[in-house]
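Down below is the structure, laid out as structure tokens.
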Ligand SMILES: Cc1cc2nc3c(=O)[nH]c(=O)nc-3n(C[C@H](O)[C@H](O)[C@H](O)COP(=O)(O)OP(=O)(O)OC[C@H]3O[C@@H](n4cnc5c(N)ncnc54)[C@H](O)[C@@H]3O)c2cc1C
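Numbering (the numbering used here), first residue to last: 21 to 353.
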């Protein structure tokens, strides 16, 4: 395999100019912790790597009524930021439960949100049918190991799960992305970034090939400050989520005024439980109330042969995450 060319750029304008010059065969590289593996496996074959690792987009700062996190901030720098920890604990917890300290020191916020799925067939060393990797080749997972795959939001063409813990916490807190492209900048709710696979699983986001994520903005709210992230995985560390739940709650006296719930590990994108949220508002944060509100969560799921357990696991994880906020005294009831 020929080695890709390499170009280091110093600012966003130079990165955009490079993307325009080299076209869709160029790839941005930030921390490189995902992209380099994909190149080694032959899954990505860029002609040119545009290194954005030195762009001055690596700060976290208060921004009006929210927090601005530069896309080149490393996961560890973001997780350790005092305002992120106090105002948005679910985000800090999701980051700290991701990967390993070494990876978090190199990996960036933008790269984390755009990392590719961990579906074992997509990542297989020996090439297997995978519509995401090779459109039209089929989906080996449909007759294979499906324990870690999606139970909802997938299609016959692809059942791969979205891998980022950070994205789940950010979707729960209604975060937005700021991007730049040669056509100008735009702001996009993170919940609208990821596409469901349908018949074209190779297209994963609404971003254009020449679009750069500049920052993530998380709006502040009483619920964001009382949030948490629970991750269930096969081993205690250095492992992707089997199921995860990001929750945020604001109470008014004993009653829930605002609640947000997003699940990871169940779908091709972070999955908000809007209906459960609606059912919980105006009720007390108690075990029976939460249990009842979650009874029909993910009822529309279409599990595969051996991943149906994720539905009940997601309900229980969400229940535990909500009640832990109460038991830790984070939410007053
Ligand atoms: C062993 C291992 C375990 C892991 N465990 C977890 C885990 O538990 N949870 C979890 O969430 N993640 C986990 N990860 C994934 C890890 O967090 C990602 O590899 C990392 O966040 C990617 O960031 P990066 O800066 O290295 O991205 P890169 O590898 O540099 O880039 C990834 C993709 O993002 C694009 N990109 C990067 N920055 C931008 C930008 N600003 N604008 C537009 N495009 C951009 C690149 O072009 C590329 O397509 C794990 C990774 C490994 C190797």
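Glycine is no exception: its CB is placed at the ideal position from the N, C-alpha and C atoms.
Everything numeric in this text was worked out from a predicted model, so none of it was measured.
Do you know offhand how far residue i's Cα is from residue j's?
i, j, result
"residue 107", "residue 58", "35 angstroms"
"residue 185", "residue 149", "27 angstroms"
"residue 119", "residue 257", "8 angstroms"
"residue 198", "residue 75", "15 angstroms"
"residue 7", "residue 201", "Residue 7 lies beyond the residue range present for the chain, which begins at 21 and ends at 353; the question has no answer from this structure."
"residue 31", "residue 112", "27 angstroms"
"residue 168", "residue 23", "33 angstroms"
"residue 36", "residue 204", "10 angstroms"
"residue 306", "residue 349", "13 angstroms"
"residue 34", "residue 313", "50 angstroms"
"residue 79", "residue 326", "43 angstroms"
"residue 210", "residue 274", "31 angstroms"
"residue 141", "residue 304", "44 angstroms"
"residue 116", "residue 250", "11 angstroms"
"residue 339", "residue 216", "26 angstroms"
"residue 206", "residue 228", "12 angstroms"
"residue 241", "residue 189", "14 angstroms"
"residue 162", "residue 102", "45 angstroms"
"residue 271", "residue 300", "11 angstroms"
"residue 48", "residue 160", "29 angstroms"
"residue 13", "residue 208", "Residue 13 is absent from the model: the chain starts at 21 and stops at 353."
"residue 328", "residue 318", "11 angstroms"
"residue 85", "residue 127", "27 angstroms"
"residue 347", "residue 261", "24 angstroms"
"residue 124", "residue 222", "27 angstroms"
"residue 139", "residue 52", "19 angstroms"
"residue 324", "residue 179", "9 angstroms"
"residue 196", "residue 282", "15 angstroms"
"residue 62", "residue 56", "10 angstroms"
"residue 54", "residue 136", "8 angstroms"
"residue 165", "residue 315", "27 angstroms"
"residue 332", "residue 64", "36 angstroms"
"residue 129", "residue 44", "22 angstroms"
"residue 285", "residue 83", "31 angstroms"
Consult DSSP for residue i and reduce its assignment to one of helix, strand or coil.
i, result
"residue 223", "coil"
"residue 60", "helix"
"residue 92", "coil"
"residue 72", "coil"
"residue 120", "coil"
"residue 239", "strand"
"residue 314", "helix"
"residue 257", "coil"
"residue 217", "coil"
"residue 189", "helix"
"residue 272", "strand"
"residue 334", "helix"
"residue 83", "strand"
"residue 108", "coil"
"residue 347", "helix"
"residue 320", "coil"
"residue 301", "coil"
"residue 280", "strand"
"residue 309", "helix"
"residue 102", "helix"
"residue 341", "helix"
"residue 210", "helix"
"residue 295", "helix"
Got a sec? Which residues, its chain only, sit under 8 angstroms from residue i by beta carbon, not counting five neighbours each side?
i, result
"residue 26", "68, 69 and 71"
"residue 97", "78 and 80"
"residue 320", "172"
"residue 244", "107, 108, 110, 193, 238 and 268"
"residue 278", "241, 242, 243, 268, 269, 270 and 301"
"residue 276", "269, 270, 300, 301, 302, 303, 304 and 305"
Looking only at its chain, what residues have a beta carbon closer than 7 angstroms to the beta carbon of residue i, apart from the 5 residues adjacent to it on each side?
i, result
"residue 345", "246, 248, 267, 269 and 351"
"residue 157", "149, 150 and 151"
"residue 77", "90, 91, 92, 234 and 235"
"residue 224", "214 and 215"
"residue 28", "71 and 74"
"residue 191", "210, 211, 282, 290 and 292"
Which same chain residues end up closer than 6 angstroms to residue i when comparing Cβ atoms and leaving out the 5 residues on each side of it in sequence?
i, result
"residue 289", "182 and 214"
"residue 187", "133 and 290"
"residue 105", "112"
"residue 341", "248, 250, 265 and 267"
"residue 337", "250, 252, 263 and 265"
"residue 218", "175"
"residue 366", "Within the shown structure, residues of the chain are numbered from 21 to 353, placing residue 366 beyond reach of any answer."
"residue 99", "112, 115 and 116"
Please output, in chain order, the residues near ligand 1 using a CB cut-off of less than 5 angstroms to any non-hydrogen atom of the ligand. 47, 48, 49, 50, 51, 52, 53, 54, 55, 91, 118, 119, 127, 128, 130, 131, 132, 134, 135, 184, 185, 232, 233 and 260
Entirely enclosed alpha helix (DSSP H) segments - the region 111–180, minimum 4 residues: 121–126 and 129–133
In chain order, each alpha helix (DSSP H) run of at least 4 residues that lies wholly inside the region 23–59: 32–42
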